[in-house]
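Let me begin by presenting the structure, written as structure tokens, before commenting on it.
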Amino acid sequence: MSVPKLFKNPASALGLAIVVLFYAWSILEGTLQVLGYALNDPRLGWILLPYNPFETSIQNTLLPPSFSHLMGTDDLGRDIFSRVLYAAPIDALVSVCVVAGAVLIGGALGLTAGFFGGYADEANMRVTDLFLAFPALILALTIEYTFGRGAFYATLAMLIVWWPTYARLFRAEALRIKKMKFVDAALLSGLSRLEIIAKHFVRPSLNTVLSYFTIDLGNVILFYSVLSFLGLGQQPPYPEWGAMVASGLNYFPKWWWYSLCPGIVITIVVIGAALLGDALRDYIAGET
Amino acid sequence: MALLEVENLSVEYNTKSGCVLALRNVSFSLDEGEVLGIVGESGSGKSTLALALSGLLERSAVIKAHRMTFCGVDLLGNIESVRGTGVFMVFQDPFSSLNPLMKIRQQLFEAIKVRCDRAKLSFNEDEARKEAIELLKEVRITDPEDVLERYPHQLSGGQTQRVMIAMALAEKPKLLIADEPTTALDVITQAQVLSVFKNVVNRRHMSMIFITHDLAVASQICDRIMVLYGGMVQEMGSTSEVLKDPKHPYTLGLIGSIPNKSKEEGELSSIKGYYTTTGIRGCLFSPRCPFVREGCTKGVPRLNAVDGRLVRCINYGEQYE
Amino acid sequence: MGVIGYIIGRAIRSFFLVLGVAALTFLLTHVVAPNPAYIWAGPHASKSVVQAVIQEYKLNQPYYVQLFYYILSTLSFNYGVSPYFKEPVSTLIATYLPRTLEIVVFAMVITAFLGIYGGAFAAAHKDRAPDYAVRVFYLVSWSMPPFLVALLLQLFLAYELKLLPPNLLADPALTPPKEITGFLLVDALIEHDYAFFYSALRHLVLPTLSLALISFGIITRIMRSSMLQSMRGDFYRTAIMKGIGRRRAIYVHALKNSLIPVITLLALTFSFMIAGSVVIEEVFSYQGIGYLVTQALYNYDYPTLVGSTVVIAIFVILANFVADVMYALVDPRIRLGGGETE
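Residue numbers (the numbering used here), protein chains in the order written: chain A, 145 to 432; chain B, 13 to 333; chain C, 17 to 358.
What follows is the structure, encoded as structure tokens:
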């Protein structure tokens, strides 16, 4: 099955479109924000947006969604749509950092544990057991509280609760690959064990983990939105999806759009990642 | 009237990589009390045939047949009404064919209950228990009371396969289909289970379709043998004749593969090459056939009647489909 | 050996996990934490309070002494005094946790039912409309942030249709029953306070539904694939072959066999729900353990946060242990031992 054929399936195509749109926009908008910061001209950050996401306006507070304000305005009269778009890059960055970091840590530990077996494997299993005994959110909250609040510490906390799952996944992969004949052949050919892991284990296991990785981008965004909802993300006035929902709670249900619109945007991105991940899984399953 | 009549049965699998024709125009009939052996390599379509007859093919499979009737019932549409009490199938892997979470008693009772329901009889636990014990004795299980209260994982492979036969008998089917029922067992158990099959079929005057890749096993139990290759019947005739005087080169090769039949001095003569049916013109066996000649690739040979049996080979008349 | 040995083995493992949880939280809160004394005392604590905290938690002692006392107090359910609530943390948890367990238990029942039957139903209709409907439903509910699920339910069921109260534990006009078990419904029944029981029950519906909706998706998904795997098994084909009918073969034979991986998953769901309660209870102002955690977070109350984290982890370990025992009871291959495949 070829890649273009894969995306003939409407659900897969939708997933791809959402994910590409989200990350492409995030890169563009993120670059502008960084550039604006570097050039000391923050206006660059909202040059593409319909409104300045920080500009308050007393006449325009809590306007319902309309053509001029697609998602309405908040209690300070700021355009919610602009704020949602402005907040996208931070979620994109956090999701990639957490999943990539978890793949690196979990991959290194899981592959070596699975390959060497014995005590290394036992230690890996017990330590991951321990981390998985905590509800991820609760552990992340405590970690972030201990170190400090904000996107950076949120990423750190998520990384700490995220890697054990990948260590488990890569371990299972290592056990699977280890059973294959070519590993014995490679051992006989005199390659060192670490070389064998690097040469023969990393690529094939990444293949299998790829679909999981994609779905997980969505999971991280979901998780981060909860942290941000609880006030542990970027601190105000910097807009953030979860935090916007939380501040909208005071105006719910009468001014429902304040909370619901950012929430729905999160849902759409997460669905996109899940659909794309499923499509990739089917694709990889069809290849092997 | 024949018990089972199959005319031009074809089965196609629609997979992502395209269509695979698993069975092509297979026709045969089976009389009451007759045992038909279906012999072929893995991939020859023999399991597909068994699954088609019992209506267990997956939904991606397309079945076409001019006729497929069992006791006058059309199997293509009304398989549900003859399942169990009419046709019963025993599978290859004894360890996975019973429900691991139910006791043998519960699983046998279920079968007995289906028969009672169909015959509009009332189901009685005590009678069912007596019957179940009788059935287990009939398949030569030595401690039936004990086995009834066990779970499948507590039985050996041979015992499990006997329980499967007992379950079949519980429904009193007219036709038993056995798909490689002894392949997963060791040699001694294999012989015991085979003799149980033989015994049961004889005593109950049941018909049976016995599927195997092992011609030696087939020869011990079957009245007639059908040799399949590439989803097509290559040769069909009575067991003794086919074994004594194989006509099709493939049958010859299969007989050559039986260890104790090989000549004293000779090594095992087995068939050269690997089983494949893709990209072959004419006779599907031609790439591996020791007697291949020019005419073999002209077209698919027709299934001809030769000496009271059917052979698909141009050495017995150069006719094509 | 048998089932008793298996259960004892699991119990020992669980106990070591609890010790591990204590060690890990110790490492986090005493060793790697920057300025443990200030974190424990809270941001606005005076010098004397910080000194008292150092004395209380023995922060000036060597780490092994600290660890010893930490594990000791963890096992004796002593988590210090909350600087915000001015009450012992264990008392707070004893008050707030049962309320959450109450909604979690109901939500688990709904989740298990929805997940198991939804998954089985989807598998039975693979690649047809009901299958797609179930899959879309769980994909969407799984992809929604918990607060959105809660808000939507609150909006429609409470504010629009006015079927249910939108927030709080019970009608504030009613006096709550004396705290005996901490479980509101149970206490109301013990006190024969049926008005309060009814009110608490009504207030419990929305949080319960929200928890069930955010967590049934994973069970449905695993159940569906587990069912599909069972339905490829020979025992399923045998069941069909017997003529017992497709319905019985699916919903009795295949379903029972597919439940085994789901049991382990239910323990995971428990963990997921407790975490979800932090957000859900915030939306519904439902004063359970999740509410306690958010209050601790907002008011810089470290002892309460850490104490709740440890107790919640212990409950999750307990839930896993229960799942392991159930697993052994359901599967005769473990219960009776001697499986050839084991």
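The beta-carbon is built from N, C-alpha and C at its ideal position, and this holds for glycine as well.
Using three-state DSSP, classify residue i as helix, strand or coil.
i         : result
Tyr-302/C : coil
Ala-318/A : helix
Thr-127/C : helix
Tyr-73/C  : coil
Gly-30/B  : strand
Arg-324/B : coil
Val-247/A : helix
Tyr-25/B  : strand
Tyr-332/B : strand
Gln-246/B : strand
Thr-217/A : strand
Tyr-318/C : helix
Met-388/A : helix
Leu-227/C : helix
Pro-137/A : Missing from the structure shown is residue 137/A; chain A here goes from 145 to 432 and no further.
Pro-397/A : coil
Val-97/C  : strand
Asp-328/A : helix
Pro-104/C : strand
Glu-279/B : Note that Glu-279/B scores a pLDDT of 49, beneath 50, so its modelled location is shaky and nothing firm can be said.
Glu-135/A : Only positions 145 to 432 of chain A appear in this structure, which leaves residue 135/A out of reach.
Ser-212/A : coil
Glu-195/C : coil
If you check the beta carbons only, do residue i and residue j fall under 7 Å apart?
i         : j         : result
Lys-210/B : Glu-161/B : no
Asn-315/C : Tyr-100/C : yes
Gly-361/A : Val-243/A : Note on identity: in this sequence residue 361/A is Leu, with Gly being the wrong assignment. Going by C-beta atoms, Leu-361/A is nearer than 7 Å to Val-243/A.
Leu-33/B  : Glu-24/B  : yes
Val-389/A : Phe-172/C : no
Leu-42/B  : Leu-15/B  : yes
Ile-266/C : Ala-140/C : yes
Ser-231/C : Thr-285/C : yes
Leu-110/B : Ala-182/B : no
Ala-73/B  : Leu-21/B  : no
Ala-277/A : Val-332/C : yes
Val-341/C : Ile-23/C  : yes
Leu-83/C  : Phe-32/C  : no
Gly-242/B : Arg-321/B : no
Glu-333/B : Arg-314/B : yes
Gly-49/B  : Leu-240/B : no
Ile-91/B  : Gly-55/B  : no
Ile-109/C : Val-322/C : no
From the DSSP output, read off the bridge partner residues of residue i.
i         : result
Lys-272/C : The partner list for Lys-272/C (beta bridge, DSSP) is empty, contrary to what the question assumes.
Cys-295/B : In DSSP, Cys-295/B forms no bridge with anything.
Glu-17/B  : Ser-41/B and Thr-81/B
Lys-76/B  : Ser-22/B
Leu-35/B  : Val-23/B
Asn-316/B : Val-323/B
Gly-49/B  : Phe-222/B and Ile-237/B
Asp-223/A : Thr-217/A
Asp-86/B  : Thr-81/B
Under 7 Å between C-beta atoms, does residue i make it to chain D?
i         : result
Pro-114/C : Here the protein chains are A, B and C, and chain D is not one of them.
Check whether the Cβ of residue i lies closer than 6 Å to any heavy atom of the ligand PLP, and answer yes or no.
i         : result
Asp-218/A : Here there are no bound small molecules, and the ligand PLP is not part of this structure.
Below 9 Å between beta carbons is the criterion; list the residues of the segment 70 to 101 of chain B that meet it against any residue of chain C, in chain order. Of all residues in the segment 70 to 101 of chain B, Glu-70, Arg-71, Glu-92, Ser-93, Val-94, Arg-95, Gly-96, Thr-97, Gly-98, Val-99, Phe-100 and Met-101 have a Cβ within less than 9 Å of some Cβ in chain C.
Could you please tell me which residues of the segment 144 to 168 of chain B, in chain order, have their CB closer than 7 Å to any CB of chain C? Those residues of the segment 144 to 168 of chain B that come within reach of chain C (Cβ to Cβ, closer than 7 Å) are Tyr-163, His-165 and Gln-166.
Restricting to runs no shorter than 3 residues, where is the beta strand (DSSP E) found entirely within the segment 165 to 196 of chain B? Secondary structure in the segment 165 to 196 of chain B: the beta strand (DSSP E) runs of 3 residues or longer, each lying completely within the stretch, are 187 to 191 in chain order.
Give, in chain order, every unbroken run of the alpha helix (DSSP H) that is at least 4 residues long and sits entirely within the segment 131 to 173 of chain C. Counting only runs of 4+ residues, the alpha helix (DSSP H) found wholly inside the segment 131 to 173 of chain C occupies 145 to 159 and 162 to 169, in chain order.
Which runs of the alpha helix (DSSP H) at least 4 residues long sit entirely within the segment 95 to 145 of chain B? Give them in chain order. Runs of the alpha helix (DSSP H) spanning 4 or more residues and lying entirely within the segment 95 to 145 of chain B occur at 116 to 130, in chain order.
Residues within the segment 23 to 47 of chain C neighbouring chain A, beta-carbon criterion of under 7 Å: Listed by position, the residues of the segment 23 to 47 of chain C near chain A (Cβ gap below 7 Å) are Leu-33, Gly-36, Val-37, Leu-40, Leu-44 and Thr-45.
Which runs of the alpha helix (DSSP H) at least 4 residues long sit entirely within the segment 200 to 233 of chain B? Give them in chain order. Within the segment 200 to 233 of chain B, the complete alpha helix (DSSP H) runs of at least 4 residues fall at 227 to 233.
Short of 7 Å Cβ to Cβ, which residues in the segment 267 to 301 of chain C face chain B? Residues His-269, Lys-272 and Asn-273.
What residues in the segment 119 to 146 of chain B bring their beta carbon closer than 7 Å to a beta carbon of chain C? Cβ contacts with chain C: Glu-122, Ala-123 and Val-126.
When Cβ atoms are compared, which residues of the segment 169 to 184 of chain A fall closer than 9 Å to chain C? Taking 9 Å as the Cβ-Cβ cut-off, the segment 169 to 184 of chain A has no residue approaching chain C.
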